[in-house]
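Inspection log for the structure reproduced underneath, given as structure tokens.
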Amino acid sequence: ALVVARWLRAWRGSWRARRRAGRAIAGEDGAAQLLRRAGFRIVGRQVTTWWSPLVDGEPCETEVRADYLVEADGEVLVAEVKTGEVAPRIETAATRRQLLEYHVAFEVDGVLLVCPERGVIHRVDFGLPKLSPRPHT
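With this note's numbering, letter number 39 in the sequence shown gets 39, and the count goes up by one each step, no holes.
This is the structure in structure tokens:
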């Protein structure tokens with residue numbers, strides 16, 4: 001019985017993970033359409049950059065990956081796609097911190113929080129000074 005209970009827990013957990021992954025993939029596809037309809041040109045998908053915050057004065061090189069890099073009206077922005085009930089909210093600490101990290105690491109003009117399930121795009125402004133652009137891969 002213990003083996004069966006463990007198997008059921010593992011199966012339920014993997015089912016949830018597959019469901020969440022499927023929802024995320026569908027969300028990213030829906031977000032691309034939503035961004036284009038809103039006038040954004042998609043520059044890249046799953047875009048990465050390297051960022052080196054200093055830890056005790058030493059650079060700590062870190063790879064950062066964002067869902068989309070987009071352009072509109074002469075600005076370059078990171079667009080992060082969030083699905084579900086909690087993640088698409090700026091009140092969610094993990095989402096807020098992620099967007100702030102993207103704004104700093106990618107040195108972009110701004111960040112967008114995209115919720116394809118609700119059909120909305122929010123521009124989030126942290127009040128940071130404009131930074132000179134850095135190339136992204």
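C-beta atoms are modelled at their ideal positions from N, C-alpha and C, and glycine is treated no differently.
Alpha-carbon to alpha-carbon, residue j and residue i
{"i": "alanine 32", "j": "tyrosine 68", "result": "8 Å"}
{"i": "glycine 39", "j": "alanine 72", "result": "7 Å"}
{"i": "arginine 65", "j": "valine 3", "result": "39 Å"}
{"i": "tryptophan 51", "j": "proline 129", "result": "17 Å"}
{"i": "leucine 77", "j": "leucine 100", "result": "12 Å"}
{"i": "arginine 89", "j": "tyrosine 102", "result": "16 Å"}
{"i": "glycine 57", "j": "arginine 37", "result": "44 Å"}
{"i": "glutamine 98", "j": "alanine 79", "result": "11 Å"}
{"i": "alanine 5", "j": "tryptophan 11", "result": "10 Å"}
Residue from the options with nearest C-alpha to residue i
{"i": "aspartate 29", "options": "Thr95, Phe40, Arg45, Ala38", "result": "Arg45"}
{"i": "valine 120", "options": "Gly57, Asp56, Gly74, Lys82", "result": "Lys82"}
{"i": "glycine 110", "options": "Ile42, Val124, Ile90, Arg97", "result": "Val124"}
{"i": "proline 53", "options": "Glu85, Leu112, Phe126, Ala105", "result": "Ala105"}
{"i": "threonine 49", "options": "Glu91, Leu112, Gly127, Glu61", "result": "Glu61"}
Run of the beta strand (DSSP E) containing residue i, from where it starts to where it stops
{"i": "leucine 69", "result": "62-72"}
{"i": "alanine 38", "result": "Note, alanine 38: premise wrong, no beta strand (DSSP E); not H, not E."}
{"i": "arginine 123", "result": "120-124"}
Alpha helix (DSSP H) segment containing residue i, residue limits
{"i": "threonine 95", "result": "93-106"}
Residue i (DSSP reduced to helix, strand or coil)
{"i": "alanine 26", "result": "Only weak support exists for where alanine 26 lies, its pLDDT of 49 falling under 50; the coordinates are left without a value."}
{"i": "leucine 113", "result": "strand"}
{"i": "glycine 44", "result": "strand"}
Whole-number beta carbon distance between residue j and residue i, since they are thought to touch under 8 Å
{"i": "leucine 35", "j": "valine 108", "result": "Not quite, the Cβ-Cβ distance comes to about 14 Å (not below 8 Å), so this is no contact."}
Residue i beta carbon near the ligand SAM (any heavy atom closer than 7 Å)
{"i": "glycine 13", "result": "Among the components of this structure there are no ligands whatsoever, and the ligand SAM is therefore not found."}
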